[in-house]
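Each residue of the sequence shown is one higher than the last, beginning at 152 in the numbering used here.
The next block holds one structure in the form of structure tokens; read it before the comments.
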Amino acid sequence: MSTNQPRNHHYIPQFYLRNFAVDEEKKKLFTVMRRGHLAVWAQRAIRSIGFERDLYVHMVDGAPISVETEINSNVETPISKSDTWVKIASGQTEQLDISDKPILYALIRHLEARTPHYFRTVLELADLAGNPESDIPFSDEERKMYAEIRRDPEAAKEAFNQMSASLDWTQRDYRKAAVSVLRTRVPLKTSTKPVHAVGVPAPPASYLPYPGQTPFQLLLALNRTTIATLIFGDFDNAFTNEICADDVALGFNRNVVGQFCHFDSVTHLITDRHGLTADMTWAPYELVSDTERKITYRRRSS
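This is the structure in structure tokens:
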């Protein structure tokens with residue numbers, strides 16, 4: 152690892168965050184950030200959010216190895232330079248069609264798997280798999296995998312970095328994926344955990360390889376007006392692009408707010424002020440003050 156390599160590693164690509172920018176230069180956006188028991192909405196610089204020190208560094212034979220440059224060259228640049236991303240960034244998501252499915256699929260899988268939240272969840276599951284009192288019905292294959300993680304956490308970090316720096320691991324499930332684009336007039340929220348797993352009723356075609364697994368779909372706000380969804384199953388390479396009902400978008404926003412309030416690893420809620428106080432007071436916060444430049448909320452005591 153070179154001494155001149157950057158050590159603040161952004162896990163939310165700035166090309167993605169620029170879709171939620173509020174200035175012509177696309178350098179700023181509005182976010183809610185927690186400060187202890189307070190949560191403060193204000194304008195912030197894109198470069199100042201969604202990073203962690205040495206996130207994409209692991210040790211090999213005592214030497215630090217960084218994959219941050221590989222993430223940029225192998226994943227971020229191909230996606231951000233694609234025709235698909237041009238449609239998204241220019242607000243022309245009604246033009247997205249099945250030819251855009253590979254990039255949308257890769258984007259959702261990548262943004263889900265490269266966050267600190269994802270890595271910490273893997274470590275938590277590894278602990279639960281070794282706990283005989285856990286109610287989670289882990290398969291034998293999963294228990295073996297998580298036992299290896301408990302024995303060698305650094306190997307788990309290396310695997311996380313390899314997933315973050317490549318899209319190869321996503322290819323095996325591509326044919327099982329159905330991708331939908333949902334367009335809405337409701338302003339959408341996102342966060343520093345941009346991909347959300349939401350439980351769904353089990354359609355007959357669902358792909359559920361593990362015992363006790365609950366069917367789910369992955370959701371990602373592509374910009375302020377468009378959601379991309381991904382679900383696995385025998386869907387014959389399905390792709391749709393349609394306008395969704397307002398309550399679908401409002402439910403998506405509530406899910407984003409709920410995860411921001413629940414997980415400490417979700418450091419920023421990215422949103423304009425539209426409907427924000429209603430969502431935050433639905434969540435465990437109360438309004439303290441509201442000015443043009445800043446809104447402050449206080450977490451309610453349980």
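Note that CB positions come from ideal geometry on N, CA and C, so glycine has one too.
Here the structure is a predicted model, which is why all the values come from computation and not from measurement.
Is the beta carbon of residue i sitting closer than 7 Å to the one on residue j?
i, j, result
"VAL410", "VAL417", "Residue identity differs from the one stated: residue 410 is Gln in this sequence, not Val. In this structure, VAL417 lies closer than 7 Å to GLN410 by Cβ."
"HIS268", "ARG450", "no"
"VAL332", "LEU247", "yes"
"HIS413", "THR343", "no"
"PHE166", "SER231", "yes"
"ASP397", "VAL349", "no"
"HIS261", "GLU219", "no"
"VAL330", "LYS238", "no"
"LEU318", "ALA257", "yes"
"GLN316", "GLU221", "The question names Gln, yet the displayed sequence has Ala at residue 316. Yes, the Cβ-Cβ distance between ALA316 and GLU221 is below 7 Å."
"LYS340", "ASN404", "yes"
From which residue to which residue does the alpha helix (DSSP H) around residue i run?
i, result
"ASP441", "Counting along the chain, ASP441 falls outside any alpha helix (DSSP H), though it belongs to the beta strand (DSSP E) covering 436 to 441."
"GLN194", "That residue, GLN194, is in no alpha helix (DSSP H); its beta strand (DSSP E) goes 189 to 196."
"ASP382", "Residue 382 is actually Ile in this sequence, not Asp. Run containing ILE382: none in the alpha helix (DSSP H); it sits in the beta strand (DSSP E), 377 to 383."
"TYR167", "165 to 168"
"ARG294", "291 to 302"
According to DSSP, is residue i helix, strand or coil?
i, result
"PHE403", "helix"
"ILE230", "helix"
"HIS268", "helix"
"PRO215", "strand"
"LEU247", "coil"
"LYS308", "helix"
"HIS425", "coil"
"ASN225", "helix"
"ILE239", "helix"
"SER315", "helix"
"VAL208", "strand"
"ILE287", "coil"
"THR447", "strand"
"PHE386", "coil"
"VAL173", "coil"
DSSP has residue i in a bridge; who is on the other side?
i, result
"HIS160", "GLU203"
"SER342", "LEU420"
Which word fits residue i, buried or exposed, when buried means at least 16 other C-beta atoms lie within 10 angstroms of its C-beta?
i, result
"ARG444", "exposed"
"GLY213", "exposed"
"ARG265", "buried"
"SER210", "With the sequence shown as reference, residue 210 is identified as Met, and Ser is not the correct amino acid for it. The residue in question, MET210, is exposed, as its Cβ has fewer than 16 Cβ neighbours within 10 Å."
"ALA193", "exposed"
"ALA434", "buried"
"SER452", "exposed"
Which residues mark the beginning and the end of the beta strand (DSSP E) in which residue i is found?
i, result
"LEU370", "367 to 374"
"ARG186", "179 to 186"
"ARG451", "Here ARG451 belongs to no beta strand (DSSP E), and DSSP marks it neither H nor E."
"ILE394", "390 to 394"
"GLY350", "346 to 350"
"ALA456", "A query on residue 456 cannot be resolved here, the shown segment of the chain reaching from 152 to 453 and no further."
Could you check whether the Cβ of residue i sits closer than 7 Å to any Cβ belonging to chain C?
i, result
"PRO229", "Checking the listed chains, one finds no chain C in this structure; it contains a single protein chain."
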